[in-house]
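J.: Can you read through this structure? Questions will come right after.
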Amino acid sequence: MKRQKNEPKTALAKRLTEVRKLVGLSRDIFSLKIGISIQGLGNYERGDRTPDATVLSAYKEKFGVNLNWLLTGEDAMFIDMMMTRAFNISPPTIPAGLMKKLGRIAYTTYRDAKIKLPLKI
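Just so you know, we're using my numbering here: the sequence shown kicks off at 266 and counts up by one.
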């Protein structure tokens with residue numbers, strides 16, 4: 266019987282997991298690269314434990330992760346896009362359909378407020 270996957274207990278744990286998955290490495294390889302045991306990585310990704318400064322620093326040094334994003338969820342995920350290219354990571358994009366809907370919302374909001382938008386940007 267397959268073990269049920271649990272959601273991370275903390276926002277930090279969720280972001281730690283997101284980094285590893287985005288980089289595309291298995292837990293064992295990723296843990297070796299940042300210098301911790303696979304069990305330790307599991308504890309951090311589940312939110313059972315909080316990584317110390319050494320572990321957080323390894324995320325930055327090895328993968329170019331922005332520590333402000335890692336700790337708070339604010340700013341860009343990566344500080345060094347050159348490092349992300351080594352892992353074939355492309356920056357997150359907004360799907361075209363969503364962008365079209367957002368444009369329509371902005372247009373109707375400005376129109377309803379009687380604010381004239383410039384014709385060219």
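Think of the CB as a built atom: it goes at the ideal place given N, C-alpha and C, for glycine as much as any other residue.
Because the structure is a prediction, the values reported are computed rather than measured.
Since K365 is in the alpha helix (DSSP H), which residue starts that stretch and which ends it?
T.: For the purposes of this step, residue 365 is taken as the residue at position 100 of the sequence shown. Start and end: A361 to D377.
J.: Use the C-beta contact count for G390: other C-beta atoms within 10 angstroms, 16 or more gives buried, fewer gives exposed.
T.: Outside the shown range of the chain, which is 266 to 386, sits residue 390, and nothing can be said about it.
J.: Return the chain-ordered list of same chain residues with a C-beta closer than 8 Å to the C-beta of D345, the five sequence neighbours on each side being excluded.
T.: The residue given as residue 345 occupies position 80 in the sequence shown. Closer than 8 Å at the Cβ level, and outside the excluded window around D345, lie G329.
J.: Got a sec, what are the start and stop residues for the alpha helix (DSSP H) N333 sits in?
T.: Taking the first residue of the sequence shown as position 1, residue 333 is located at position 68. Its alpha helix (DSSP H) spans residues L332 to T337.
J.: Measure the beta-carbon distance from N333 to M342 and round it to whole angstroms, keeping in mind my assumption that it falls under 8 Å.
T.: In the sequence shown, residue 333 corresponds to position 68, counting from 1. In the sequence shown, residue 342 corresponds to position 77, counting from 1. About 10 Å separates the two Cβ atoms, so there is no contact after all.
J.: If you draw a straight line from the C-alpha of V320 to the C-alpha of K274, how long is it?
T.: Walking along the sequence shown from the start, residue 320 turns up at place 55. Walking along the sequence shown from the start, residue 274 turns up at place 9. Computed Cα separation, rounded: 19 Å.
J.: For R314, which residues from the same chain have a beta carbon less than 8 Å from its beta carbon, with the 5 sequence-adjacent residues on both sides left out?
T.: If you number the sequence shown from 1, residue 314 lands on position 49. Taken in chain order, the residues that qualify are G305 and N308.
J.: In this structure, what does DSSP give as the bridge partners for F343?
T.: Taking the first residue of the sequence shown as position 1, residue 343 is located at position 78. Answer by DSSP bridge pairing, in chain order: V330.
J.: Since A276 and R311 should fall inside the 8 Å C-beta cutoff, what is the C-beta to C-beta distance between them, to a whole number of angstroms?
T.: Here residue 276 corresponds to residue number 11 of the sequence shown, with the count starting at 1. Here residue 311 corresponds to residue number 46 of the sequence shown, with the count starting at 1. So it is not a contact: roughly 13 Å between Cβ atoms.
J.: Pop quiz: I303 and D293 are said to be a contact at Cβ under 8 Å. What is the actual Cβ separation, rounded to whole angstroms?
T.: Within the sequence shown, residue 303 is the residue found at index 38, counting from 1. Within the sequence shown, residue 293 is the residue found at index 28, counting from 1. With a Cβ gap of about 5 Å, I303 and D293 count as contacting.
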